[in-house]
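So in this note's numbering, spot 2 of the sequence shown is number 66, and the numbers just go up one at a time. Notes follow the structure.
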Amino acid sequence: MTGKYSFQYVENAVIRNSDLHTKDAFWHSKNVTVEDCVIRGEYLGWYAKNLKLIRCKIIGTQPLCYCKGLILEDCIMEQTDLSFENSEVHATVCGSIDSIKNPICGEIYADAIGEIIMETDRIDPSRTKVVCGPVSKAVCVCA
């Protein structure tokens, strides 16, 4: 699928085995599960509530910001800078994340992270656990 603003404001949906090339996908979505998909584009999932990505490949700048109840299970993230800004996130990422900026709370596991930005005047870094390296391999089951 190719387009802009795909699945914006969608609620209670499940999307599987799809290739999505879209800008601003899943903005303001609620209770959406995306499985085994490739998602290319900018600003993926901003302001989403209860967005769950399982075994997805995410490609693009500033993904998954301002989310509540965000879950990533065994996902791959490519060219994903400034990820998770102001988001409540629980993520297991196979491979690396270019950069993470100011997640509000949760846990992020990845094999590598290029840059972690935690601005203490904007968020409380103690509310987010970020784990890189061998620990992530114990929880990551990507092929």
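For every residue, glycine included, the Cβ atom is placed at its ideal position computed from N, Cα and C. As the structure is a computational prediction, the values presented were derived from the model and not from experiment.
Identity of the residues DSSP links to residue i by a beta bridge
i	result
residue 65	Residue 65 pairs with nothing; no bridge assigned.
residue 83	102
residue 75	94
residue 173	156, 195
residue 115	96
residue 164	147, 180
Sequence-distant residues of the same chain with beta carbon closer than 8 Å to residue i, five excluded per side
i	result
residue 95	75, 76, 77, 113, 114
Where residue i falls: helix, strand or coil (DSSP)
i	result
residue 186	coil
residue 179	strand
Contact set for residue i: own chain, Cβ-Cβ below 7 Å, skip 5 residues either direction
i	result
residue 67	86
Close-in-space but distant-in-sequence residues of the same chain around residue i (CB under 6 Å, 5 per side omitted)
i	result
residue 161	141, 144, 147, 174, 177
Entirely within the segment 117-142 and at least 3 residues each: give me those beta strand (DSSP E) ranges in chain order.
Correct list: 121-123, 134-142.
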